[in-house]
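Novice: Below is one structure. I have some questions about it.
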Amino acid sequence: MNAPTSPVTTDPLLKPFRLAHLELRNRIMSTSHAIGFGEDGMPASRYQRYHEAKAEGGIGLTMFGGSTNVSPDSANTFGQLRASDDRIIPYFQEFADRVHKHG
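Its first residue numbered 42, the sequence shown is counted upward by one per residue in the working numbering.
In structure tokens:
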């Protein structure tokens, strides 16, 4: 007799997903949205913790930067990120490390 299966073990959303070299632990994701946590255009600690908590909770993919400014002449308002400033690079590196340590 076969053991019964539960929806948790058979739900495709909870199964790993692979696309070329990228493998996600499941198919649950959070789309990019502007949360207004940027500090002087940088994704500082609060911004990073917001996404790190999602990774810690088991999400397969979190996207960030909802309405990030990419032009130096764009006004930086409402806690948006500023990708036109190279100061953001170390923040992105730290961000990736914080999220990836959870899977």
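Virtual Cβ for every residue (Gly too), placed ideally from N, Cα, C.
The model shown is predicted, which means the values in this text are computed figures rather than measured ones.
#1: For Arg87, which of His143, Phe136 and Lys142 has the nearest alpha-carbon?
#2: Residues in its own chain within less than 8 Å of Phe58 by CB, not counting five upstream and five downstream?
#3: Could you name each continuous beta strand (DSSP E) segment of 3 residues or more that falls completely within the region 42–123, going from the start of the chain to the end?
#4: Going by C-alpha distance, which of Ala61, Glu80 and Gly99 is nearest Arg128?
#5: Using the beta-carbon count (16 or more within 10 Å), is Arg90 buried or exposed?
Specialist: Inspection of the coordinates gives the following:
#1: Phe136
#2: Glu64, Leu65, Asn67, Arg68 and Gly101
#3: 58–60 and 63–65
#4: Glu80
#5: exposed
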